[in-house]
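So the structure is just underneath, and the comments pick up after that.
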Amino acid sequence: MNTLMKLYLSFLFLLIPLLGVANNGEWEKRLYQLDQSLEKKKVYEHEKLENIKRLKQRLKTTPRADRFDINRQLFNEYSSYQYDSAYVYANHLLAEAHRLQNPNYEVEARCDLVFCLLSAGLYSEAFNELHSIHIDGTSANVRKFYFTMASRLYYDVSDYTRTEPYQSQYVKQAGVYTDSLLHYLPKGSAERLYAIGMRQMKERKYEASLDTFKQFLQGRRVDLHHKAIVTSCIGWIYLFLKENDQAMDYLAQAAIYDNEGVVRETTALCTLAKLLYREGDIQHATEYVRESLSNANFYGARQRVIEVSSVLPIIEQDRYKIMQAQRNAIAIAAVVFILFLIGLLMAGWFIRKQMIKLKKAQAIIARRNQQLEAKNEQLEEVNKIKDEYIGRSFYINSEYINKVEKLYRSIDRKISMKRFDDLRSSLKESELGEERKSMFIDFDETFLKLFPQFIENYNKLFDEPDQRPVEKRQLTTEMRIFALIRLGINDSERIASFLNYSVHTINTYKTRVKNRSNVDNDKFERYIMEIN
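Here it is in structure tokens:
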């Protein structure tokens, strides 16, 4: 029972990621785009570093009075890329502002320090820095920048706190700063839409926030960084609304924008990883969490490192379980395959053995069939010979009986008349010789009727000088010997009796003929038996 349960769990763990991918088939294209973008991460980073390198070279050749703008550009390059460098340039900006005694520059520099501190998770320090800023007598653009940074700080702290009533208090205070900010933003501008959409989202007016953010994205001059922030916010909203498909779509887009903009201080990829983990796509979740952790460590964002580090062990643990289950399933499949292969080899060996036996049996059957066909041919030949000779023998015997009957009557008449001299003349041996000669002629005629090509094939066994041409289709004595052998009469005594010769004479004939032939003596009679 335990074994069956393990097999079931292994199968289940193997099936979970497959089901996840099947259910989210429409996500393959979006995730594929994200994967393709992440593969070009070094290319985008190289372009950014080249731009930073050019700014640093300009800084060396720029008069000291004009360095604030270049330092500000370098800070912007590092602000969402690397905390340490951004913090250094923020301090450079503050030092330049003090040197130039420019209050606008000082507010901008301190706001940049606030951004660095809140991005690194140093919220207490960020509040201290914000409260040290005085905006009296500064320009409208600087005040707009200050209220933007203040609202950003309070919104971020509210997300970090997540505890009532403090979270609501932070959101309320951020709303106050946002109201102040809106006085400086033209109606219908992208900045105003961004500020309104952010406040609506934090106040949980999700439907209104979606409309505002989507209107913002339709603007023509939206940079990659703000596209990444807004699409990430839309993804968060859809996540709160339980619309996971839409959430993953916008979070994946935000991650693509972050990667193309070389932003390391980001949350979209980690959030997407959590969502994919819940959907069962462990592989992508693991890759994206590791990428998020790499970005957080590179930037130096403590709160991001803590957040991602808390997620990674959970995903890795489940991934390990799935891999373990997959290894178990693969091991079981391997065992089953090996057993199947062994069974297949045994079956093949058994079948091969049976095939060998079958081939042997077929060979025996074929050989027996050949033998049977040969026997059948012999029987047909024997039957043919028998029929021919039986018919012929009836006729010859009938004639012989008539002759004997005639002879008996003649002898009886001559004896009764006491004509003894005539009786002796009737029993002359010449007449018996004629009878035997007649018997040989009848034999030759019958035999050649059965084997019409015998004489020609017989002569082929000899060279031309030793061939025995015959006339009137009659056999010679030596031919009759082998004609009898062809009929199956191999006994020399029977052959001698039929031809009225001694056994020695017959053997002498046979030896002499074989010696004259152009084939081996041992094979001569076999060639005779093959004549038709």
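Just add 2 to the spot in the sequence shown (first one is 1) and you have our numbering. Where is the CB? At the ideal position from N, CA and C, for every residue including glycine.
So is residue i buried or exposed if we call it buried at 16+ other beta carbons inside 10 Å?
i, result
"tyrosine 168", "exposed"
"asparagine 520", "exposed"
"proline 339", "At residue 339 the sequence reads phenylalanine, which differs from the proline that was named. Exposed."
"alanine 197", "buried"
"methionine 200", "buried"
"glutamate 110", "buried"
"valine 232", "buried"
"phenylalanine 352", "exposed"
"histidine 286", "buried"
"isoleucine 483", "buried"
"tyrosine 511", "buried"
"valine 265", "buried"
"aspartate 446", "buried"
"isoleucine 236", "buried"
"threonine 180", "buried"
"phenylalanine 15", "Interpretation of phenylalanine 15 is limited by its pLDDT of 43, a score under 50 that renders its predicted location unreliable; the figure taken from the coordinates is listed afterwards. Buried: at least 16 other Cβ atoms inside 10 Å."
"alanine 335", "exposed"
"methionine 481", "buried"
So, under 8 Å CB-CB, residue i and residue j are touching, yes? Tell me the CB distance rounded to an integer number of Å.
i, j, result
"phenylalanine 129", "serine 81", "Going by Cβ atoms, the distance from phenylalanine 129 to serine 81 rounds to 19 Å, so no, they are not a contact pair."
"phenylalanine 526", "alanine 485", "At roughly 14 Å, the Cβ-Cβ gap does not stay under 8 Å, so phenylalanine 526 and alanine 485 are not in contact."
"leucine 96", "lysine 146", "Going by Cβ atoms, the distance from leucine 96 to lysine 146 rounds to 20 Å, so no, they are not a contact pair."
"asparagine 461", "glutamine 469", "4 Å"
"alanine 261", "tyrosine 46", "Correcting the residue identity first, residue 261 is asparagine in this sequence and not alanine. With a Cβ gap of about 6 Å, asparagine 261 and tyrosine 46 count as contacting."
"tyrosine 89", "lysine 50", "Not quite, the Cβ-Cβ distance comes to about 18 Å (not below 8 Å), so this is no contact."
Look up residue i in the DSSP assignment and say whether it is helix, strand or coil.
i, result
"serine 499", "helix"
"arginine 464", "Per the sequence presented here, residue 464 reads as phenylalanine, with arginine not at that position. Phenylalanine 464: strand per DSSP, three-state reduction."
"serine 39", "helix"
"serine 160", "helix"
"serine 440", "helix"
"glycine 177", "helix"
"serine 519", "strand"
"arginine 101", "helix"
"alanine 279", "The question names alanine, but residue 279 in the sequence shown is tyrosine. The answer is helix: DSSP assigns tyrosine 279 an H, G or I state."
"isoleucine 367", "helix"
"valine 232", "helix"
"histidine 136", "coil"
"histidine 506", "helix"
"aspartate 524", "helix"
"aspartate 114", "helix"
"tyrosine 511", "helix"
"phenylalanine 300", "helix"
"histidine 185", "coil"
"glutamine 455", "coil"
"glutamate 309", "helix"
"arginine 470", "coil"
"aspartate 493", "coil"
"threonine 273", "helix"
"isoleucine 533", "coil"
"serine 141", "coil"
"arginine 475", "coil"
"isoleucine 353", "helix"
"threonine 448", "helix"
"threonine 288", "helix"
"glycine 345", "helix"
"leucine 33", "helix"
"lysine 166", "Sequence inspection shows glutamate at residue 166; the lysine mentioned does not correspond to that position. It is coil, neither helix nor strand."
"phenylalanine 396", "For phenylalanine 396, the pLDDT reaches just 42, beneath the cut-off of 50, and the residue's location in the model is therefore unreliable, although a value from the coordinates is still provided. Three-state result, phenylalanine 396: helix."
Checking 7 Å against the spacing of the C-beta atoms, do residue i and residue j come in under that value?
i, j, result
"leucine 195", "glutamine 217", "yes"
"tyrosine 85", "tyrosine 301", "yes"
"alanine 257", "leucine 76", "no"
"cysteine 272", "serine 296", "no"
"asparagine 517", "serine 494", "no"
"alanine 275", "serine 234", "no"
"serine 141", "asparagine 106", "yes"
"isoleucine 137", "tyrosine 148", "yes"
"threonine 214", "leucine 183", "no"
"tyrosine 157", "lysine 207", "no"
"isoleucine 135", "arginine 112", "yes"
"leucine 226", "glycine 177", "no"
"arginine 488", "isoleucine 530", "yes"
"glutamate 267", "alanine 303", "yes"
"tyrosine 240", "alanine 249", "yes"
"glutamine 202", "alanine 210", "yes"
"asparagine 78", "histidine 94", "no"
Problem set entry | Complete alpha helix (DSSP H) runs within the region 35 to 96 (minimum length 4 residues, chain order) | 43 to 63, 69 to 81
For this session: Return the chain-ordered ranges of every beta strand (DSSP E) run that is complete within the region 191 to 269 and spans a minimum of 3 residues.
Result: none
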